[in-house]
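Converting from the sequence shown to our numbering requires adding 86 to each position, the first position being numbered 1. Where a beta carbon is used, it is the ideal one built from N, C-alpha and C, also for glycine.
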Amino acid sequence: MKVKKTLSNWLTTRYRLIIKNEESLEEKKQIPYTYSALIFVATLFFGLVFSLGFFISQRFFSEGQLTSDNGAEFVRKVKVLNTKIDSLSAQVQGRDFFINNFRNVMGGKVKYFDDKDTGKIMAPTIRKVSDSINPDHIDANDRKLREEFEGASPNTTSYLTSNEGSQNLKSLYLFAPLKGVIAKKYNPRQKNYGVDIVAKQQKSPVASIADGTIIMTSWTSDKGYVVAIQHQSNLISVYTHCTALFKKRKTGSFVKAGEAIALLDNKTNTKPRLHFELWYKGSPVNPEEFVSF
């Protein structure tokens, strides 16, 4: 009982805190208090601090959950982006391979098989049957068919392929690359895969036939400046014998239909001539069928 009474007296005994000026000892303020009141205020203060800390920790935890979900979504988007990048990389590699092959074709850097190599390749499949056939015993109809087949051009298949795609090309509106007159027509049997256009003026600009991207610019002593442009629908246009290229017309540049890409300028008495080719899916086509000159 004595201990309880002592503790009660200690908690309820009233004290007074007097604040005085240190120099003049003038009384400034008096604060009455008891130990029970101090304990209550301290408990309330620590309770508020604990509650505030708990609230802040819960807030950070919930934001951490949200960040985790966002992180999963971010990882998913990165995976999708990587897939797209891989796909674009494959397309770029395929396009580079196609451009390199096209440059080799235009530059004449194509490997041909000689007779010995051809014999080695075809040796397992060749059968000597021609010696066993007597032309005198062939039916007239069979002989006529045989003569037509033997006289057919090896490029017949390419012509058929070009005709199959002609409907797609005819749906495109193509500009004339040069104002002039056709001096030499398309004749693939003579290895002339384009048309020669004689300009009407001494200095004439060469224009792109459609929107596209320049995939090749080069210069040779016999062909002058050469420009190749990739268009939609697997169509490539080639411009040869150009005198000069415009500064901004570099490989990778985008050009619009009808935009000038090069210049024809002949300082002699003869008029300048442009050699123009159209290639569809790797095969040459007759430019006169799709471009109005």
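Three-state secondary structure assigned by DSSP to residue i
i	result
GLY338	coil
VAL377	coil
LYS165	helix
ARG359	strand
THR303	strand
SER294	coil
LEU231	Caution applies to LEU231, whose pLDDT of 46 falls short of 50 and renders its modelled position unreliable; the value that the coordinates give is listed next. The answer is helix: DSSP assigns LEU231 an H, G or I state.
THR92	helix
GLY368	coil
CB contact flag (residue i, residue j, <9 Å)
i	j	result
LEU360	HIS317	no
PRO263	ALA293	yes
PHE362	ILE283	yes
TYR272	ASN372	yes
ALA343	TYR259	yes
THR98	THR120	yes
Residue i versus residue j: straight-line alpha-carbon distance, rounded
i	j	result
ALA296	ALA158	45 Å
LYS289	GLY266	12 Å
ARG145	THR299	54 Å
PRO118	SER137	29 Å
THR329	ARG162	53 Å
LEU167	LEU174	10 Å
PHE379	PRO291	15 Å
TRP96	LEU124	12 Å
GLU374	ASP351	24 Å
ASN320	LYS270	25 Å
ARG384	VAL127	No answer is possible for residue 384: it lies beyond the span of the chain, which begins at 87 and ends at 379.
GLU345	ILE171	32 Å
Whole-Å CB distance - residue i paired with residue j, under 8 Å assumed
i	j	result
THR306	THR337	With 8 Å as the limit, THR306 and THR337 do not qualify as a contact, their Cβ atoms being about 16 Å apart.
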